[in-house]
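A.B. asks:
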């Protein structure tokens, strides 16, 4: 359901009970206030709090340009339990991404990631931290070859629709791992390929990064019942899916 008082303050709630609330975070929305984005006035945490009428506690995060399932707890005790579940890898996260090039049917990126501090948020952090283990599994769902020479080296351009399943949760892990294997995520302005980003903006009107947190699977922190939270795709994602005839590739 979508809760809204006006267009600017709408939030898409995909699950709620007395202990938890999960939303489908839109691309471009910060999870909470940050010194890195002083000009922002909308935040997922505050919008969710206002919608459900109580304080909520973030238990994981999504990058600002990433859309999809974002889970909050309604108490500190439940938040603590969920934090432990994420740390102990008892939560399965699956993402959809569009990347440049054709990727093999399936595989794993096992590549440690160095600590990348934020200029303000990590001002006092230890900058000599060793690289942290980072593992991402992938499955190629669909591919397309387009008659456009985005790169001067090729007469056509290839793209893959991927399902990405991170085993660890490092900062910008999926974006950095896809860059590491030279299959940058389309629309990623920090770790992507500017030529392909510009092509998708001009050709398809796609102004966002094509990375979406499609689902979270976990045990309910209070009842223990299995819980599968799923988030639908926005209009820009759906336009790409339809343009490339990929809609059936993500149906259960």
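Numbering (our numbering), first residue to last: 60 to 311.
Every residue gets a Cβ at the ideal spot worked out from N, C-alpha and C, and that includes glycine.
Given the structure is predicted, the values throughout are model-derived calculations rather than measurements.
1) In whole angstroms, what separates the C-alpha of residue 289 from that of residue 215?
2) For residue 207, collect the residues of the same chain with a Cβ closer than 8 angstroms to its Cβ; drop the 5 residues on either side in sequence, then sort them by chain order.
3) Less than 8 angstroms between the beta carbons of residue 119 and residue 104, yes or no?
4) Leaving aside the five residues before and after residue 78 along the sequence, list all residues of the same chain whose C-beta is less than 8 angstroms from its C-beta, in chain order.
5) What separation, rounded to the nearest whole angstrom, lies between the Cα atoms of residue 178 and residue 307?
6) State whether the segment 111-127 contacts the segment 158-170, with contact taken as three or more CB pairs (one from each stretch) at a distance under 8 angstroms.
7) State buried or exposed for residue 129, treating a residue as buried only when at least 16 other CB atoms are found within 10 Å of its CB.
8) Assign residue 113 to one of two classes, buried (16 or more other C-beta atoms within 10 Å of its C-beta) or exposed (fewer than that).
9) Taking only three categories from DSSP, how would you classify residue 297?
10) Hey, is residue 252's beta-carbon within less than 8 angstroms of any beta-carbon in chain D?
11) Please report the straight-line C-alpha distance between residue 88 and residue 286, rounded to a whole angstrom.
12) So, using beta-carbon positions, are residue 240 and residue 218 closer together than 8 angstroms?
13) With distance defined between alpha-carbon atoms, name the residue in 109, 210, 270, 253 nearest to residue 295.
14) Going by Cα to Cα distance, which pick from 255, 70, 167 is closest to residue 267?
15) Determine the DSSP secondary structure at residue 286, reduced to helix, strand or coil.
16) With a threshold of 16 other CB atoms inside 10 Å of the CB of residue 204, please say whether the residue is buried or exposed.
17) Distance check for residue 76 and residue 226, CA to CA, integer angstroms please.
18) In terms of alpha-carbon separation, which member of 108, 191, 265, 220 lies closest to residue 230?
19) Nearest-angstrom Cα distance between residue 168 and residue 80?
20) From residue 293 to residue 152, what distance separates their C-alpha atoms?
21) How many angstroms separate the CA atom of residue 220 from the CA atom of residue 175?
C.D. replies: Judging by the given coordinates:
1) 34 angstroms
2) 215, 216, 258, 262
3) no
4) 132, 133, 134, 137, 279, 280, 281
5) Confidence at residue 178 is low in this model, with a pLDDT of 47, below 50, so its placement is unreliable and the value that follows should be read with caution. Cα-Cα distance, rounded: 42 angstroms.
6) no
7) buried
8) exposed
9) helix
10) Looking for chain D here will not work: only one protein chain is present.
11) 25 angstroms
12) no
13) 270
14) 255
15) strand
16) exposed
17) 27 angstroms
18) 191
19) 32 angstroms
20) 19 angstroms
21) 27 angstroms
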